[in-house]
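Undergrad: Chains as they are written, first to last, in my numbering: chain Y, 766 to 879; chain S, 48 to 159. Even for Gly, the Cβ is constructed at its ideal location relative to N, Cα and C.
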Amino acid sequence: KAGVTQTPRYLIKTRGQQVTLSCSPISGHRSVSWYQQTPGQGLQFLFEYFSETQRNKGNFPGRFSGRQFSNSRSEMNVSTLELGDSALYLCASSPTSTMNTEAFFGQGTRLTVV
Amino acid sequence: GNSVTQMEGPVTLSEEAFLTINCTYTATGYPSLFWYVQYPGEGLQLLLKATKADDKGSNKGFEATYRKETTSFHLEKGSVQVSDSAVYFCASQKGGSYIPTFGRGTSLIVHP
Chain Y
766 KAGVTQTPRY LIKTRGQQVT LSCSPISGHR SVSWYQQTPG QGLQFLFEYF SETQRNKGNF
826 PGRFSGRQFS NSRSEMNVST LELGDSALYL CASSPTSTMN TEAFFGQGTR LTVV
Chain S
48 GNSVTQMEGP VTLSEEAFLT INCTYTATGY PSLFWYVQYP GEGLQLLLKA TKADDKGSNK
108 GFEATYRKET TSFHLEKGSV QVSDSAVYFC ASQKGGSYIP TFGRGTSLIV HP
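Encoded structure:
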């Protein structure tokens, strides 16, 4: 069974641009979550999607948005990039509607804003 | 609210030393508890978990026991290897929630 796939692995963008990151969950998983990981703040929850609906949201500005498609693939978008958005963005998927189960993480997308 | 506190790192050990990484949580009810590991250049992967008080999770020589009375879930290993060098994250997930709360992570460096 293929794992969680994130593309691209690395990105370099200029301040003010926007970026879209992609995540393909494990087959059969309908919940997809996004996290931002930085040395200073650790792992911070961005949002979670289930069946194309945003079910949970973290404390990030509106520049960060996401969506989920009918095949459970998800994208997140960051507009008007700032230097502080440089981070490793991790996607995780979980089995359908089960609570308290483990999350399966992708390898992440390393975003550098210059 | 729900929070997880881990000991600050990095933790530096020699090969075959005993490892303890402390983790405490605050949550109402009976959360499920997890340890995840992140190897360099990789995402997180589940190391072990426990879903109720006094449960012991174990995997690859690592163990952690769910202690309700001390709200702790400390990670231990009797003899670490160089290949265990990674960042370890403690997480809790309260009943009825789909989202785990992660600690800040503890970096482990094991020297030969």
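What's the gap between the Cα of Y:Thr874 and the Cα of Y:Tyr775?
TA: Each residue's alpha carbon lies about 5 Å from the other.
Undergrad: Could you work out which residues of chain Y lie near S:Pro147, taking near to mean beta carbons separated by less than 8 Å?
TA: Under the 8 Å cutoff, chain Y gives Ala868.
Undergrad: Among Y:Gln783, Y:Phe870, Y:Asp850, which has the Cα closest to the Cα of Y:Gly805?
TA: Closest by alpha carbon: Y:Asp850.
Undergrad: Name the two residues that bound the continuous beta strand (DSSP E) containing Y:Arg832.
TA: Where Y:Arg832 is concerned, the enclosing beta strand (DSSP E) stretches over 829-833.
Undergrad: CB-CB under 7 Å to S:Ser132, same chain, minus the five flanking residues each way: which ones, in chain order?
TA: For S:Ser132, where only same-chain residues beyond five positions count, the Cβ hits under 7 Å are Leu155, Ile156, Val157.
Undergrad: Determine whether the beta carbon atoms of Y:Arg780 and Y:Leu848 lie at a separation below 8 Å.
TA: Yes, the Cβ-Cβ distance between Y:Arg780 and Y:Leu848 is below 8 Å.
Undergrad: Where does Y:Tyr800 land, buried or exposed, given buried means 16+ other C-beta within 10 angstroms?
TA: Buried, by the Cβ-count rule.
Undergrad: Where does S:Glu63 land, buried or exposed, given buried means 16+ other C-beta within 10 angstroms?
TA: When all chains shown are included, S:Glu63 counts as exposed.
Undergrad: If we ignore side chains and look at the alpha-carbon of each, how far apart do S:His121 and S:Thr59 end up?
TA: One C-alpha to the other measures close to 17 Å.
Undergrad: Can you name, in chain order, every residue of its own chain whose Cβ lies under 6 Å from the Cβ of S:Thr73, other than the five neighbours on each side?
TA: Contacts found: Ser50.
Undergrad: I'd like to know whether the C-beta atoms of S:Leu94 and S:Tyr83 end up nearer to each other than 8 Å.
TA: Contact: yes.
Undergrad: For S:Phe65, decide whether its Cβ has a neighbour in chain Y, counting only Cβ atoms nearer than 8 Å.
TA: It does not; no Cβ of chain Y falls within 8 Å.
Undergrad: Based on the DSSP secondary-structure assignment, which residues constitute the bridge partners of S:His158?
TA: DSSP output for S:His158 lists S:Ser61 as bridge partner(s).
Undergrad: Among the residues of its own chain, which have a CB less than 7 Å from the CB of S:Gln92, if the five just before and after it don't count?
TA: Once the five neighbours on either side are set aside, the close Cβ partners of S:Gln92 are Tyr83, Val84.
Undergrad: Please tell me whether S:Gly76 has its Cβ less than 8 Å away from any Cβ of chain Y.
TA: So, not an interface residue.
Undergrad: Going by the beta-carbon positions, is the gap between S:Lys99 and S:Thr112 smaller than 8 Å?
TA: Against a cut-off of 8 Å, the Cβ pair of S:Thr112 and S:Lys99 comes out as no contact.
Undergrad: By DSSP, does S:Val129 sit in helix, in strand, or in coil?
TA: Three-state DSSP puts S:Val129 in a helix.
Undergrad: Quick one: which unbroken beta strand (DSSP E) runs of 3-plus residues sit fully inside the region 70-138 of chain S? Chain order, please.
TA: Fully enclosed beta strand (DSSP E) runs of 3 or longer: 70-73, 79-85, 91-97, 103-106, 109-112, 122-124.
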